[in-house]
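A.B. asks: Chains as they are written, first to last, in the working numbering: chain E, 415 to 756; chain U, 415 to 756; chain Z, 415 to 756; chain C, 415 to 756. Ideal Cβ positions, reconstructed from N, Cα and C, are used throughout, including at glycine.
4 protein chains.
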Amino acid sequence: MLIVMRAEATDEDVARVCRAIERKGYEPRPIPGGTRTAIGVVGNKGAVDRSEFLGLPGVFECIPVSAPYKLVSREFHPVDTVVELPNGARIGGGYLCVMGGPCAVEDEAQMHEAAAYVAAAGGAVLRGGAYKPRTSPYSFQGHGPEALRLMRAAADAHGLAMVTEAVDHASADRVVEYADVIQIGARNMQNFSLLKHVGRFDKAVIVKRGMAATIEEWLLAAEYVLDAGNDRVILCERGIRSFDPTTRNVLDIAALAVARGLSHLPVIADPSHGTGLRDMVTPMARAAVAAGCDGLIVETHPRPAEALSDGHQALFPSQFEDMVREVRAIADVLGRTLSVPR
Amino acid sequence: MLIVMRAEATDEDVARVCRAIERKGYEPRPIPGGTRTAIGVVGNKGAVDRSEFLGLPGVFECIPVSAPYKLVSREFHPVDTVVELPNGARIGGGYLCVMGGPCAVEDEAQMHEAAAYVAAAGGAVLRGGAYKPRTSPYSFQGHGPEALRLMRAAADAHGLAMVTEAVDHASADRVVEYADVIQIGARNMQNFSLLKHVGRFDKAVIVKRGMAATIEEWLLAAEYVLDAGNDRVILCERGIRSFDPTTRNVLDIAALAVARGLSHLPVIADPSHGTGLRDMVTPMARAAVAAGCDGLIVETHPRPAEALSDGHQALFPSQFEDMVREVRAIADVLGRTLSVPR
Amino acid sequence: MLIVMRAEATDEDVARVCRAIERKGYEPRPIPGGTRTAIGVVGNKGAVDRSEFLGLPGVFECIPVSAPYKLVSREFHPVDTVVELPNGARIGGGYLCVMGGPCAVEDEAQMHEAAAYVAAAGGAVLRGGAYKPRTSPYSFQGHGPEALRLMRAAADAHGLAMVTEAVDHASADRVVEYADVIQIGARNMQNFSLLKHVGRFDKAVIVKRGMAATIEEWLLAAEYVLDAGNDRVILCERGIRSFDPTTRNVLDIAALAVARGLSHLPVIADPSHGTGLRDMVTPMARAAVAAGCDGLIVETHPRPAEALSDGHQALFPSQFEDMVREVRAIADVLGRTLSVPR
Amino acid sequence: MLIVMRAEATDEDVARVCRAIERKGYEPRPIPGGTRTAIGVVGNKGAVDRSEFLGLPGVFECIPVSAPYKLVSREFHPVDTVVELPNGARIGGGYLCVMGGPCAVEDEAQMHEAAAYVAAAGGAVLRGGAYKPRTSPYSFQGHGPEALRLMRAAADAHGLAMVTEAVDHASADRVVEYADVIQIGARNMQNFSLLKHVGRFDKAVIVKRGMAATIEEWLLAAEYVLDAGNDRVILCERGIRSFDPTTRNVLDIAALAVARGLSHLPVIADPSHGTGLRDMVTPMARAAVAAGCDGLIVETHPRPAEALSDGHQALFPSQFEDMVREVRAIADVLGRTLSVPR
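1. Could you list the residues in the region 634-667 of chain U with a C-beta less than 7 Å from some C-beta on chain A, going in chain order?
2. Going by DSSP, what residue range makes up the alpha helix (DSSP H) through Phe734 (chain C)?
3. Quick one: which unbroken alpha helix (DSSP H) runs of 4-plus residues sit fully inside the region 512-571 of chain E? Chain order, please.
4. Relative to the C-alpha of Thr451 (chain E), which candidate in E:Gly457, E:Asn458, E:Pro442 has its C-alpha closest?
5. Helix, strand or coil for Gly706 (chain C) per DSSP?
6. Give me, in chain order, the residues of the same chain whose beta-carbon lies closer than 8 Å to that of Thr689 (chain E); leave out the 5 immediate sequence neighbours on both sides.
7. Would you kindly work out how many angstroms separate the C-alpha atoms of Tyr592 (chain E) and Ala618 (chain E), rounded to a whole number?
8. Does any CB atom of chain E fall closer than 9 Å to the CB of Leu510 (chain Z)?
9. Can you confirm whether Met415 (chain E), when its beta carbon is compared against all beta carbons of chain U, has any partner nearer than 9 Å?
10. Can you give the Cα-Cα distance for Leu470 (chain C) and Glu740 (chain Z), rounded to whole angstroms?
11. Would you tell me roughly how many angstroms separate the C-alpha atoms of Ala721 (chain Z) and Ser550 (chain E), rounded to the nearest one?
12. Just how far apart, CA to CA, sit Glu637 (chain Z) and Ser480 (chain Z)?
13. Flag Ala481 (chain U) as yes if its beta-carbon sits less than 9 Å from any beta-carbon of chain Z, otherwise no.
14. For Thr689 (chain Z), return the contacting residues in chain E, with the cut-off set at a CB-CB distance below 7 Å.
15. Would you say Val446 (chain E) faces chain C, with C-beta separation under 9 Å as the test?
16. Just list the beta strand (DSSP E) runs in the region 420-472 of chain E, keeping only unbroken ones of 3 residues or longer that don't cross its boundaries, in chain order.
17. Using 9 Å as the threshold, is the C-beta distance between Ala635 (chain C) and Phe615 (chain C) below it?
18. For a test of the three-state rule: what should DSSP assign to Gly506 (chain E), helix, strand or coil?
19. Among residues of its own chain, excluding the 5 on either side of Glu527 (chain U), which ones have a beta-carbon nearer than 7 Å to its beta-carbon?
20. Check each candidate in C:Ala544, C:Gly457, C:Ala518, C:Leu416 and name the one with the smallest Cα separation from Ile477 (chain C).
21. Using CA atoms only, rank isn't needed, just tell me which of C:Pro446, C:Arg437, C:Ala518 is closest to Met565 (chain C).
22. Cα separation between Leu562 (chain Z) and Pro516 (chain Z)?
23. For Phe606 (chain Z), which three-state DSSP category applies?
24. Given a cut-off of 9 Å on the beta-carbon distance, is the pair Val703 (chain E) and Ala745 (chain E) in contact?
25. Can the beta-carbon of Asp736 (chain C) be found less than 9 Å from the beta-carbon of Leu510 (chain C)?
26. Identify whether Val619 (chain C) lies in helix, strand or coil by the three-state DSSP scheme.
27. Thr751 (chain E) to Gly508 (chain E), Cα distance in whole Å?
28. Give a yes or no on whether the minimum CB-CB distance between Pro492 (chain U) and chain E is below 9 Å.
29. What are the start and end residues of the beta strand (DSSP E) that includes Leu649 (chain Z)?
30. Would you say Lys610 (chain U) faces chain E, with C-beta separation under 9 Å as the test?
31. Do Leu649 (chain U) and Val681 (chain U) have their C-beta atoms within less than 9 Å of each other?
32. Verify whether the separation of the beta carbon atoms of Ala673 (chain E) and Ile629 (chain E) is less than 9 Å.
33. Do Leu540 (chain E) and Gly514 (chain E) have their CB atoms nearer than 9 Å?
34. Going straight from the alpha carbon of Lys622 (chain Z) to that of Asn605 (chain Z), what length do you get?
35. Given a cut-off of 9 Å, decide if Tyr545 (chain U) and Ala503 (chain U) are closer than it, judged by their beta-carbon atoms.
36. List, in chain order, every chain E residue whose beta-carbon is nearer than 7 Å to that of Ile744 (chain Z).
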């Protein structure tokens, strides 16, 4: 860490910071500058907590040099983590995995239809919401346990794995009984209590990036899950907030490549929530794969106009099929393989 | 609601949307435009769910006309809600309430010292963290139940009410036993499960605005609490994310005035997290009161340089005293009264 | 346009707005809502100016239904515009055009080397800065007219077209004598005086999106150029501002696809400024092409470590070559053709 | 400056950076860290250009320690700059100056009426637009030279100084003949050619902060004007872009206090453009003054409902009067004086 002093800091201020550094067992290295003095901190293992120094008199800012995360970091674990699911699908390490299905689980027929064409198109995982985090208390909140049962049956009937969201401890305890992958949504990315809870499970976990989370905060959210004992984590970029209302969010495609560089964990994209516009889903799915991501999670519905929620961003079955064909061709260009169930 | 059709939408597309509106029991009012047709929806009580129409062929966008919240809305409840605490302090309706204390509860002496000068300066509520939501799993997470006991004792000894954060169902169940006000932090603003949970308590609840939440989403988060039965909700603006790293966040002072216009709930400001810089806390506290807010929640520590967390944004005791004196003078200009314990 | 009235608006307020609409020659269509009345405006050709109604008593907001731009709009001009350059290169309408070169023109050798490998790799246009808009007055501001001469010679020697930035009327008058394409930078996107000025030239113009410009504002900036008489405009997405300091900007890949849908103009991407990180340039170039853009403008330098500016984001020659090979393969998947000089 | 190396940087990479630092005449100070080496740069006067090091192999990032601006900096010029206008009004150094008037100059009667009540209420400067930078080429662009004449006459008749915007070199050359203060609008904050141009005038200049400009970029824009020879610069915060459409912009009140700390220049606020909502103008004006700003520039119109542009954010005459009375009372609390013409 580098501690930058204010221009008007006194020699005594500098000396006090140096003593504080020494008390922590580190070594201070003052660097006098044109208008300010900076003090390097040497001898630490891993990140130094900046809040211990920010409060001292004369300190202007504390600039971290080491990354604050460890277990998720590629510096500590250079080889790609490959998450393998019970049906043999793999995510990461050269394998591209496509997950598809409706926003919300509605009924048995819908899920069976969806599972059938998702599997036929080349998808490996069935998605669908049983517990829905909704901005308004008056919106449909999901069919809960019944939805989990319907979804598991549909996935099994077509050889797909199953992913669905948990919104609290109680729903997580239900979801883990049925799903192969537990999703933590963007709104819960910093629900640290929930992250620790799913960190104790023996199931893969998707950690979606929060709408205004930096890449560092996103990796630290994943770190909570690994730190609790679960290293089968998949990062998912799903769009960030911007000033432009044209698209619902801005899908941060570069974040896919950046996160893959900083971390060994597989990184997937959600072009449905990332744009909120059906016509943009396939172009963004192609872009995400071209940028090097390890998977896609996409909303598709047998009959979008009848969907209970978010029908406007769901692909029609034929669009889903076209999307998988196109991303497979782009994956080929990059030497990557579409991962299908055994 | 207004449904705007694409320029290339056909007459049949328009007719289909009109039929869908009628099926919901509303009345469609087509408005042909220069290049597009728009369709007004008439006859609804409250907000119409846009997702039911967005998926239909030819629909470009759905523009809500009514606000999606009800219970928090000033349109439905024109008179200011005043939240009164057990020690007689009032928030809202012309009363300005100052809450102060350290970021984290550290030990008995710290809390007693803090309570003493907060009360002497004109504060009415003692704040302090027992459960801390921290970005990194390796940062100090709070002293938990023991901190609650210490804090309650310190508050009682000095006639203060007590506010502290709950981060999940379990901590909320503990907090409610000790605190007069339960705080839901910015990172949990869309933890809807937690909002519903504290909505069942008979204690006041602060709902902090998420770092990238719109004012509408913030009001809808409060709506979750009221909808669950608890109408003693205080809104708290604590800074939003921006592109500028100079301040930790941008304290959205206008949001205080906007929220007070849209809602009858009291609205307070947190200038400590809103800026992250000690020197900015008092100017922003003054600004918030000048904009018409109903209260302040401010970090202050007997010895900021020794604070376990966030010492760099904690006011020194004398600064806290100066701040209260200045905001009281500004409140006088606006005809508002600093609310002190009985 | 739809005019939404406040909940507390009186019948007289509504009547006054209706009369104002009629005075403009349009027809008002009141739509009574659950809590508010909305008034549709019918009979207008093109966009209605909202500021004429926003000031009236009782008006809450004015929601545009028609887009405010015309000449750039695909609704008015459905077929793709193809910009053809003197060397035969084409941008748009199925042709992908790659532009490459250094951030700043430094000397003759640098430009000839750059032109040689850009052309050999499949590039069609040489880029380079003669007039540099720099955040600090103390940074290198470009070599001006001399740079234009060097660059033209290098481009001609290798069959490339030439693009460079103009920063004001005077530099535009110089640039137009040498360049085939005049670039308006992100910082000048709303320098309307400059847009009108280059709108009088008979040369192609790149309009870069401002760092915080909405897609609508970007299209309106292009509209200024077309309105002044120049319809050979190329839109360029170069990254928007976000809260995350990890990348310099967020390259808004979806904006490429959205802009191509709203406008007939060709749309290109600048992955160099869009990320500010050399390692991210090629993944983002691939993503932009996969999303369907019509071209790329990329910084590359014969020896990036010696560059006078922005060397950290310049591709090495071999990286530029690899990038062109990869984007060509992805263009093939989409049925698009890399456009090379005659 | 601190140069942070990548975790995988070799000893030779570190040595190469040290040699590059020495070649610039500075001294390198390597600081080995837990996972990375950082290299301090010592011996520089003022800021070091980071782009010279970012391109070197093994370099991860370059972190500036000194601020990149000089002339505007309080570190170099600790005493407040006070800008005095020909009518005796002062801005800065304990004087609060209120500027008011319509968005656009419309006709003689409007300007005389406005000048009369602005002066009577306690304003010192008349504002009004003769050259309007408009997002759409089809919006009203201002009455130009004729407007300047009308405005000057109205200001003189009531003892007010005059401020108006210049949008390019040509309009600046006209404006300087009439106005006492030349305004550079937010959209032109990084029109460096225009900044240099007005830097050669002997008139005060307002530099408005760009909608997505960091405070550092804003100060560097002012630095362009001072560097060209004009040190009578006034900084103006007018709202930044955010994700929330509720207010047109977010008025960054903290930026007022931050800029006053970093710079000796006076800092004023524009609550009209900063919110875009008439009802928010007065609360935000109060907040800006409470935060310690040196002035306000506010839109007000004799009859807002008839305004040619932006009538929805213009204060009614009586509201303007109330606003001045309230901000004067708040200025009193802070020991500041409302500056009125001689």
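C.D. replies: In short:
1. Considering every chain present, this structure includes no chain A. Its protein chains are E, U, Z and C.
2. 731-747
3. 522-535, 559-571
4. E:Pro442
5. coil
6. Gly653, Thr661, Arg662, Asn663, Leu665, Val695, Met698, Gln727
7. 12 Å
8. no
9. no
10. 26 Å
11. 53 Å
12. 15 Å
13. yes
14. Ala668
15. Reading off the sequence shown, one finds Pro at residue 446 (chain E), where the question assumed Val. Yes, Pro446 (chain E) lies at the interface with chain C (some Cβ there is under 9 Å from its Cβ).
16. 441-446, 451-456
17. no
18. strand
19. Pro716
20. C:Leu416
21. C:Ala518
22. 13 Å
23. helix
24. yes
25. no
26. strand
27. 6 Å
28. no
29. 647-651
30. yes
31. yes
32. yes
33. yes
34. 12 Å
35. no
36. Ala704, Ile744, Val747
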